[in-house]
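Student:
Residue numbers (the working numbering): 2 to 197.
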């Protein structure tokens with residue numbers, strides 16, 4: 002039996018979800034509660050004292066599941082086991098999430114061919130790893146008066162990476178830089194991943 006503050010339980014799609022302010026055992030303030038057993042069976046409306054005694058007899062916690070109902074709905078459950086299972090589900094959900102980061106490749110409008118190929122190879126490697134690639138073309142001095150050079154470079158990289166990526170954001174001038182963003186295609190073959 003626990004008496005410290007707990008999170009509130011809500012039934013969603015047949016599963017209980019935890020929020021931070023639910024009441025357990027003596028924290029419940031209602032005089033009468035609608036009681037549900039561990040198996041989900043309706044036990045009817047009973048006084049709170051009787052429900053607490055029943056929870057002691059069953060060696061379970063009495064948890065207020067629906068505080069806004071009249072009378073509030075309470076359920077018998079093993080709070081510690083439930084909390085452990087909930088935390089385990091959250092950890093597994095976090096493991097399955099894939100974080101996508103944005104990697105940046107910087108170039109100048111007058112880049113040499115070999116340097117361009119090196120930058121394109123790095124961008125390909127980032128895309129194969131599942132990351133987005135932000136291409137930044139940095140203009141220096143009066144080069145900014147010729148944005149078509151930057152657009153040509155963006156298009157050249159887009160053609161080079163067309164087999165594994167699509168352009169998410171078309172070339173746009175921001176200050177003295179031109180940026181575009183490439184995202185990996187969803188259907189990148191494992192063979193291509195193994196090549197890099």
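Glycine included, every Cβ here is placed at the ideal spot set by N, Cα and C.
These figures come from a predicted structure and were not determined experimentally.
Let me know the secondary structure DSSP gives residue 140 once reduced to three states.
Tutor: If DSSP states are grouped into helix, strand and coil, residue 140 belongs with coil.
Student: Go through its chain and collect everything with a Cβ distance to residue 185's Cβ below 8 Å, but skip five positions before and after it.
Tutor: Same-chain partners within the cutoff: 128, 129, 131, 132, 133, 165 and 166.
Student: Identify which residue in 51, 123, 141 and 163 has its Cα closest to the Cα of residue 179.
Tutor: It is 141 whose Cα lies nearest to the Cα of residue 179.
Student: Residue 157 to residue 97, Cα distance in whole Å?
Tutor: Cα-Cα distance, rounded: 35 Å.
Student: In whole angstroms, what is the alpha-carbon distance linking residue 92 and residue 173?
Tutor: Approximately 40 Å, taken between the alpha carbons.
Student: With residue 175 as the anchor, note down where its beta strand (DSSP E) starts and where it stops.
Tutor: First-last of the beta strand (DSSP E) with residue 175: 166 to 175.
Student: How big is the Cα-Cα spacing for residue 182 and residue 126?
Tutor: Approximately 15 Å between the Cα atoms of the pair.
Student: Would you mind stating whether residue 145 and residue 177 have Cβ atoms separated by less than 8 Å?
Tutor: The answer is yes: Cβ separation under 8 Å.
Student: Inspect the beta-carbon positions of residue 30 and residue 46 and report whether they are closer than 8 Å.
Tutor: Against a cut-off of 8 Å, the Cβ pair of residue 46 and residue 30 comes out as no contact.
Student: What does the alpha-carbon distance come out to for the pair residue 95 and residue 88?
Tutor: Using only the alpha carbons, I get a separation of about 11 Å.
Student: Taking the alpha carbon of residue 77 as the reference point, which residue from 90, 85, 62 and 84 has its own alpha carbon closest?
Tutor: Of the listed residues, the one whose Cα sits closest to residue 77 is 62.
Student: Can the beta-carbon of residue 33 be found closer than 8 Å to that of residue 68?
Tutor: The answer is no: Cβ separation not under 8 Å.
Student: Distance check for residue 159 and residue 111, CA to CA, integer angstroms please.
Tutor: Their Cα atoms are separated by approximately 17 Å.
Student: Hey, how far is the Cα of residue 75 from the Cα of residue 65?
Tutor: Going from the Cα of residue 75 to the Cα of residue 65 covers about 4 Å.
Student: So, for residue 59: in the same chain, excluding its five sequence neighbours on each side, which residues have a beta-carbon less than 6 Å away from its beta-carbon?
Tutor: These residues qualify, in order along the chain: 77.
Student: Decide if residue 143 is buried, meaning its Cβ has at least 16 other Cβ atoms within 10 Å, or exposed.
Tutor: Classification of residue 143: exposed, given that the 10 Å Cβ count is below 16.
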